[in-house]
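J.: My questions all concern the structure below.
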Amino acid sequence: MNKKQIKKTLLHDWHLEHGANMAMFGGYEMPLWYPSGAKREHLAVLTGAGMFDTSHMAVIMVEGPGTLDLFQACFTKDLEACIGKGKTPLVPGRCAYGAFLDDLGHVRDDAIVSQIAPEMYMIVVNAGMGGQIARYLKDQAGGSDIEIHDLTDGVGKMDIQGPMSARILAKIIREPEAVFDRMVYFSFKGFFDDDSPLAGAVRLLDGTPVMLSRTGYTGEFGFEIFINPDNIERAWKMALEAGKNFELTVCGLAARDSLRAGAVLPLSHQDIGPWPFINNPWSFAIPFNNDRTGFTKKFIGDQALKGIEEPEHTYPFAGFDMRKVSPDDSTVVTDSDSAEIGVVLTCVTDMAIGRVEGKIYSVASPDKPDGFNPKGLSCGFIRVTKKLSGGDTVELKDGRRTIKVAIVDDIRPDRTARRAIKNML
Amino acid sequence: MKEIEELFLPDNVRYAETHEWARDDDGNVTVGINDYAQDQLGDIVFVELPEVGATLDKGEEFGTLESVKAVSEIYMPVSGEITAINEALEEAPELVNQEPYNRGWIIEVKPDDPDEINTLMDNNEYIETLKGDE
């Protein structure tokens with residue numbers, strides 16, 4: 478990649494001034510960690526709060542008659558049956574997670590779709606994917622009146638994640654009680670464009686309109702904040718100042734990666750990608766009917782997900798200490814008979830967890846043993862040809878070492894993402 | 063990330079191209095990784111140490127450093143026998159980040175050739191190699 482193609486977010490200079498260790502990700506030069514170190518950043522999101530520059534993520538606006546039908550055809554989540562246990566339709570103010578597949582059932586990208594108004598949606602896809610997904614949606618929309626605008630680099634985004642997030646935000650937004658009232662997980666209020674009728678709902682103290690979304694990529698309680706790029710540096714500094722009394726730590730992509738892996742969230746193009754989007758921990762994004770014999774709607778890729786003859790399975794795993802392997806082409810998974818059964822997709826260390834008498838605790842676990850001071854556990858995802866069950870152990874082998882890990886249903890316990898907001902103020 | 067001028071590269075140790083440092087302590091050679099390496103690796107969460115008594119050649123891998131980012135090999139800056147390992151790193155691997163030249167030392171070596179350490183770079187020569195990498 479030559480220097481001309483390296484993209485920077487508007488906070489790039491701030492990151493450099495604050496000693497960030499930078500690296501390329503999705504075409505952007507992004508902070509990996511700051512001088513506080515990735516471990517402290519990771520822990521801060523469990524015990525206090527962490528703030529992330531996520532402006533590299535791409536935002537696409539989709540609106541006009543037929544938009545819901547377009548998403549129903551192109552997106553795995555059934556937007557007419559996705560809210561709560563009753564599976565009611567998506568409504569304005571709520572968000573849904575799913576994936577865009579191709580005809581083979583392979584993942585183009587994953588996304589969060591937020592319904593702004595009837596037939597008006599905002600989607601957030603991964604860094605560098607805005608153009609590709611916008612073009613794909615335009616192709617699928619054909620000659621309809623649906624308008625699709627790729628806002629890549631046109632929207633600033635910063636995330637505040639961790640149990641102290643709402644208390645910090647309460648210091649920098651107007652009327653926080655009204656904003657936080659009944660703000661459930663995967664809902665949002667406000668909008669970043671003053672011309673939107675929603676814009677008045679959430680404003681910073683200086684009047685800047687923002688879209689505040691109770692989403693994130695850490696598994697912990699927190700918010701994503703969408704804002705006009707001209708205002709992001711000011712908002713960032715306001716939050717930092719307000720966060721001084723709440724252990725707010727600026728975090729880089731390394732902490733983001735270890736937090737999301739421990740929360741069993743996939744990284745697009747690594748844990749999900751050019752293979753069928755099924756038999757993985759993210760079946761909630763697939764519109765299965767109640768007895769899982771079929772789907773509640775037709776969508777692109779649906780036929781390919783049915784009747785796969787030699788299915789592969791993606792499982793989360795947790796190791797027994799902090800040592801990890803480096804996933805590359807030569808890294809393999811072997812079963813108890815030493816047979817090669819697959820590949821390692823992600824292997825990181827969640828530095829907030831440890832095993833005590835076989836059970837995994839986190840530093841945030843209310844029932845953690847006295848004096849619990851974990852060194853971390855390796856964790857991540859494997860994709861294998863053999864069906865495994867929770868508790869099964871396998872070995873991961875790279876060019877350097879072999880580690881034993883256990884297949885698990887969940888990795889970092891006692892996460893806060895879904896806590897009721899009234900308990901977090 | 064530290065700029066080159068921000069790096070602490072003391073002049074009482076010698077430097078290997080692979081970012082280890084080596085210091086002559088009364089005939090034995092103490093070895094660690096330098097400030098540039100620890101800054102690049104980020105938080106070190108585990109140090110895999112060799113057995114005391116092992117004899118290794120210059121350039122051979124004697125252990126690994128596991129950081130949040132990756133697992134990296136550490137190499138012998140001189141040939142010799144490992145006479146001590148820093149057992150404190152088992153409980154506190156972060157010492158390598160915090161005090162790379164003091165409490166974050168990694169191994170002590172009895173060199174086969176006491177003069178071999180002088181074939182390593184001094185801090186000014188090492189800084190030149192870092193500039194070349196930029």
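As you go down the protein sequences, you meet chains A and B in turn.
Under my numbering, think of the first position of the first sequence as 478, with each following residue one higher.
Under my numbering, think of the first position of the second sequence as 63, with each following residue one higher.
Ideal Cβ positions, reconstructed from N, Cα and C, are used throughout, including at glycine.
Values in this document were obtained by computation on a predicted structure and should not be read as measured data.
Inspect the beta-carbon positions of methionine 534 of chain A and asparagine 603 of chain A and report whether they are closer than 9 Å.
T.: yes
J.: I want to check one thing, is the minimum distance from the CB of isoleucine 560 of chain A to the heavy atoms of the ligand ADP below 8 Å?
T.: Questions concerning the ligand ADP fall outside what the structure shown contains, since it holds no ligand whatsoever.
J.: Could you run through the region 817 to 846 of chain A and flag, in chain order, every residue whose CB is less than 8 Å away from some CB of chain B?
T.: So the list reads Val825, Thr826 and Met828, given in the order they occur along the chain.
J.: Considering only residues of the same chain and omitting the five flanking positions on each side of asparagine 148 of chain B, which have a CB-CB separation below 6 Å?
T.: Cβ within range, chain order: Trp167 and Ile168.
J.: Based on the DSSP secondary-structure assignment, which residues constitute the bridge partners of isoleucine 702 of chain A?
T.: A:Met635 and A:Leu689
J.: Is DSSP giving glutamate 159 of chain B helix, strand or coil here?
T.: According to the sequence shown, residue 159 of chain B is asparagine rather than glutamate. The answer is helix: DSSP assigns asparagine 159 of chain B an H, G or I state.
J.: Which residues in the same chain have their Cβ closer than 7 Å to the Cβ of alanine 781 of chain A, if we skip the five residues on either side of it in sequence?
T.: Asp580, Leu581, Gly582 and Pro753
J.: Interface residues of chain A around aspartate 105 of chain B at Cβ under 7 Å?
T.: Ordered by position in chain A, the residues that pass the 7 Å Cβ test against aspartate 105 of chain B are Gly514, Ala515 and Lys516.
J.: Leucine 509 of chain A touches chain B at which residues, Cβ-Cβ below 9 Å?
T.: Met63, Gly104, Val130 and Lys131
J.: With distances taken between CB atoms, is the gap from phenylalanine 577 of chain A to threonine 553 of chain A smaller than 9 Å?
T.: Contact check for phenylalanine 577 of chain A against threonine 553 of chain A passes: the beta carbons are separated by less than 9 Å.
J.: Of all the beta strand (DSSP E) runs that stay within the bounds of the region 844 to 868 of chain A, which reach a length of 3 or more residues?
T.: 854 to 861
J.: If you run the structure through DSSP and keep just helix, strand and coil, what is methionine 478 of chain A?
T.: With a pLDDT of 46 at methionine 478 of chain A, under the threshold of 50, the modelled position of that residue is not reliable, and the figure given next carries that caveat. Three-state result, methionine 478 of chain A: coil.
J.: With a cut-off of 9 Å, does the C-beta of glutamate 497 of chain A fall near any C-beta of chain B?
T.: Before going on, a small fix: residue 497 of chain A reads as alanine here, not glutamate. Chain B, which has a Cβ nearer than 9 Å to the Cβ of alanine 497 of chain A, makes this yes.
J.: Which residues in chain B sit within 7 Å of arginine 800 of chain A, going by Cβ to Cβ distance?
T.: Phe108 and Glu128
J.: Express the C-alpha separation of valine 687 of chain A and proline 640 of chain A in angstroms, rounding to a whole number.
T.: Computed Cα separation, rounded: 21 Å.
J.: I want to know whether the region 828 to 842 of chain A touches the region 863 to 874 of chain A - three or more CB-CB distances under 8 Å.
T.: no
J.: Taking only the alpha-carbon atoms, compute the straight-line gap between glycine 827 of chain A and leucine 127 of chain B and give it to the nearest angstrom.
T.: According to the sequence shown, residue 827 of chain A is aspartate rather than glycine. In a straight line, the C-alpha of aspartate 827 of chain A is about 17 Å away from that of leucine 127 of chain B.
J.: To which residues does DSSP link serine 134 of chain B through a beta bridge?
T.: B:Leu127
J.: Please list, in chain order, the chain B residues whose beta carbon lies closer than 8 Å to that of lysine 852 of chain A.
T.: Val107 and Phe108
J.: Which residues in chain B have a C-beta closer than 8 Å to the C-beta of serine 673 of chain A? List them in chain order.
T.: Per Cβ cutoff of 8 Å: no residues; serine 673 of chain A is ~39 Å from chain B at best.
J.: What's the C-alpha gap between methionine 597 of chain A and aspartate 779 of chain A?
T.: 25 Å
J.: For the region 722 to 803 of chain A, list the alpha helix (DSSP H) runs that are entirely contained and at least 4 residues long, ordered along the chain.
T.: Runs of the alpha helix (DSSP H) inside the region 722 to 803 of chain A: 730 to 739 and 779 to 782.
J.: When DSSP labels each residue in this structure, what does phenylalanine 548 of chain A get in the three-state scheme?
T.: helix
J.: Using beta-carbon positions only, say whether proline 706 of chain A and glycine 633 of chain A come within less than 9 Å of one another.
T.: yes
J.: Tell me the rounded alpha-carbon separation between proline 804 of chain A and aspartate 886 of chain A.
T.: 21 Å
J.: Step through the CB atoms of chain B and report whether any lies within less than 9 Å of the CB of serine 803 of chain A.
T.: Interface with chain B (9 Å Cβ-Cβ cutoff): serine 803 of chain A is included.
J.: Going by Cα to Cα distance, which pick from A:Gly503, A:Val802 and A:Arg691 is closest to glycine 876 of chain A?
T.: A:Val802
J.: Compute the beta-carbon to beta-carbon distance between glutamate 697 of chain A and alanine 894 of chain A, rounded to the nearest angstrom, for a pair I have assumed lies under 8 Å.
T.: For a cut-off of 8 Å, the C-beta gap from glutamate 697 of chain A to alanine 894 of chain A is around 6 Å, short enough to register as a contact.
J.: Alpha carbons only, please: which of A:Gln747, A:Asn850 and A:Glu701 is nearest the one belonging to isoleucine 637 of chain A?
T.: The residue from A:Gln747, A:Asn850 and A:Glu701 with its alpha-carbon nearest to that of isoleucine 637 of chain A is A:Glu701.
J.: Please compile the residues from chain B whose C-beta is within a distance smaller than 7 Å of the C-beta of alanine 740 of chain A.
T.: None at all; the shortest Cβ gap to chain B is about 16 Å.
J.: So what does cysteine 824 of chain A bridge to, in DSSP terms?
T.: A:Gly857
J.: Using a Cβ-Cβ cut-off of 6 Å (strictly less than) and excluding sequence neighbours within five positions of isoleucine 593 of chain A, which residues of its own chain qualify?
T.: Met599
J.: Could you please give me the residues that DSSP links to aspartate 87 of chain B through a beta bridge?
T.: B:Asn90
J.: Mind checking whether lysine 874 of chain A and valine 130 of chain B have CB atoms under 9 Å apart?
T.: no
J.: By how many angstroms is the C-alpha of aspartate 630 of chain A removed from the C-alpha of asparagine 708 of chain A?
T.: 13 Å
J.: Skipping 5 residues on each side, what residues in its chain have a beta carbon closer than 7 Å to that of alanine 643 of chain A?
T.: Phe657, Ile898, Met901 and Leu902
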